[in-house]
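Asker:
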Amino acid sequence: MAKPSPVSPLAPTHVPAMPAIAGVRLGTAAAGIRYKGRTDVLLAVMDKGTTAAGVFTTSKCPSAPVEWCRAVLKGGKSSKGGLAQALVVNSGNANAFTGKTGKTSTKLTGDIAAKAVGCKPNEIFLASTGVIGEPLDASKFNGVLDRLAADVTPDGWLDAAKAIMTTDTFPKVATA
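Taken in order, the sequence shown gives residues 11 to 186; the numbers are from the numbering used here.
1. Quick check on Ile43: does DSSP put it in helix, strand or coil?
2. Identify which residue in Val17, Leu52, His24 has its Cα closest to the Cα of Pro164.
3. Where Gly166 and Leu97 are concerned, what is the direct C-alpha to C-alpha distance, given to the nearest angstrom?
4. Please state whether the Cβ-Cβ distance between Gly102 and Gly140 is less than 8 Å.
5. For a minimum of 4 consecutive residues, which ranges assigned as the alpha helix (DSSP H) are wholly contained in the stretch 76-155?
6. Indicate whether Thr38 and Asp156 have their beta-carbon atoms separated by less than 8 Å.
7. Quick one: is Gly120 buried, meaning 16 or more other Cβ sit within 10 Å of its Cβ, or exposed?
8. Just how far apart, CA to CA, sit Lys150 and His24?
9. Would you tell me roughly how many angstroms separate the C-alpha atoms of Leu136 and Thr177, rounded to the nearest one?
10. With distances taken Cα to Cα, identify the nearest neighbour of Glu133 among Pro19, Ala160, Leu83, Ala27.
11. Could you spell out the range, first to last residue, of the alpha helix (DSSP H) harbouring Ala173?
12. For Gly64, count the other beta carbons within 10 Å of its own beta carbon; 16 or more makes it buried, fewer makes it exposed. Which is it?
13. Hey, how far is the Cα of Pro56 from the Cα of Ala123?
14. Please name the residue, chosen from Asn105, Lys130, Met28, Val34, that lies closest to Ala74 on a Cα-to-Cα basis.
15. Are Ala41 and Ala62 closer than 8 Å when you measure CB to CB?
16. On the CB-based measure, 16 or more other CB atoms within 10 Å of its CB, does Arg80 come out buried or exposed?
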């Protein structure tokens with residue numbers, strides 16, 4: 011199990027209550043993306059018909075998940091684009107600067123997530139944060155996303171924040 015990092019002295023002393031958002035359910039798990047025993051996957055499942063928009067990096071070398079999401083939003087012959095059934099975020103590996111291997115991994119992740127939540131891959135949005143230049147082993151999502159999809163809840167916001175931490179020493183949450 012990964013050794014916990016010391017908590018920053020800048021960490022807030024109070025974490026606000028995070029209200030549920032209608033139509034959004036969350037689940038987190040430890041898939042061993044980079045470290046064993048550390049929560050590193052977030053699955054957010056949205057109600058059918060949910061629409062999405064995106065603001066992306068202007069980098070000339072966007073990550074494979076960024077390219078995936080841009081393509082999903084544009085749509086294609088069989089898609090209007092912009093429909094979101096789920097968001098998968100992993101921490102520990104950014105799947106950036108990974109070339110064709112990263113694109114293949116991203117497609118596999120989208121396929122696994124689509125099967126888990128019962129939708130088309132073009133209704134899945136993906137994000138990765140962590141180490142750059144190492145291909146993401148998408149096979150680690152096998153079984154994990156199925157279990158998460160079966161157990162998502164509307165009130166897992168703090169766990170969601172913890173799942174996407176990389177070098178952070180405390181989860182960051184805010185509410186209006």
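For each residue, glycine too, the CB sits at the ideal point set by N, CA and C. Source: prediction; values computed, not measured.
Answerer: Reading off the structure:
1. Start at 1 with the first residue of the sequence shown, and residue 43 comes out as number 33. Ile43 falls in the coil class under three-state DSSP.
2. Position 154 of the sequence shown, counting from 1, holds the residue named residue 164. If we check each option's Cα against that of Pro164, Leu52 comes out closest.
3. Reading the sequence shown from its first residue, position 156 is the one you call residue 166. Reading the sequence shown from its first residue, position 87 is the one you call residue 97. Each residue's alpha carbon lies about 14 Å from the other.
4. Mapped onto the sequence shown, residue 102 falls at position 92. Mapped onto the sequence shown, residue 140 falls at position 130. Taking 8 Å as the Cβ cut-off, Gly102 and Gly140 qualify as a contacting pair.
5. 109-127
6. Taking the sequence shown and counting its residues from 1, the one referred to as residue 38 is at position 28. Taking the sequence shown and counting its residues from 1, the one referred to as residue 156 is at position 146. In this structure, Asp156 does not lie closer than 8 Å to Thr38 by Cβ.
7. Position 110 of the sequence shown, counting from 1, holds the residue named residue 120. With 16 or more Cβ atoms within 10 Å of its Cβ, Gly120 is classed as buried.
8. Taking the first residue of the sequence shown as 1, we reach residue 150 at position 140. Taking the first residue of the sequence shown as 1, we reach residue 24 at position 14. Cα-Cα distance, rounded: 34 Å.
9. Stepping through the sequence shown from its first residue, residue 136 is reached at position 126. Stepping through the sequence shown from its first residue, residue 177 is reached at position 167. About 20 Å.
10. On the sequence shown, residue 133 is found 123 positions in, with the first residue counted as 1. For Glu133, the nearest C-alpha among the options comes from Leu83.
11. In the sequence shown, residue 173 corresponds to position 163, counting from 1. Unbroken alpha helix (DSSP H) run through Ala173: 167-173.
12. Counting from one through the sequence shown, the residue named residue 64 turns up at place 54. Under this definition Gly64 is an exposed residue.
13. As a first step, residue 56 is located in the sequence shown; it is residue number 46 there, counting from the start. As a first step, residue 123 is located in the sequence shown; it is residue number 113 there, counting from the start. Residue identity differs from the one stated: residue 56 is Met in this sequence, not Pro. Approximately 13 Å, taken between the alpha carbons.
14. The count along the sequence shown starts at 1 and reaches residue 74 at position 64. Of the candidates Asn105, Lys130, Met28, Val34, the one whose C-alpha sits nearest the C-alpha of Ala74 is Asn105.
15. As a first step, residue 41 must be located in the sequence shown, where it is residue number 31. As a first step, residue 62 must be located in the sequence shown, where it is residue number 52. No, the Cβ-Cβ distance between Ala41 and Ala62 is not below 8 Å.
16. One-based indexing of the sequence shown puts residue 80 at position 70. Its Cβ having fewer than 16 others within 10 Å, Arg80 is exposed.
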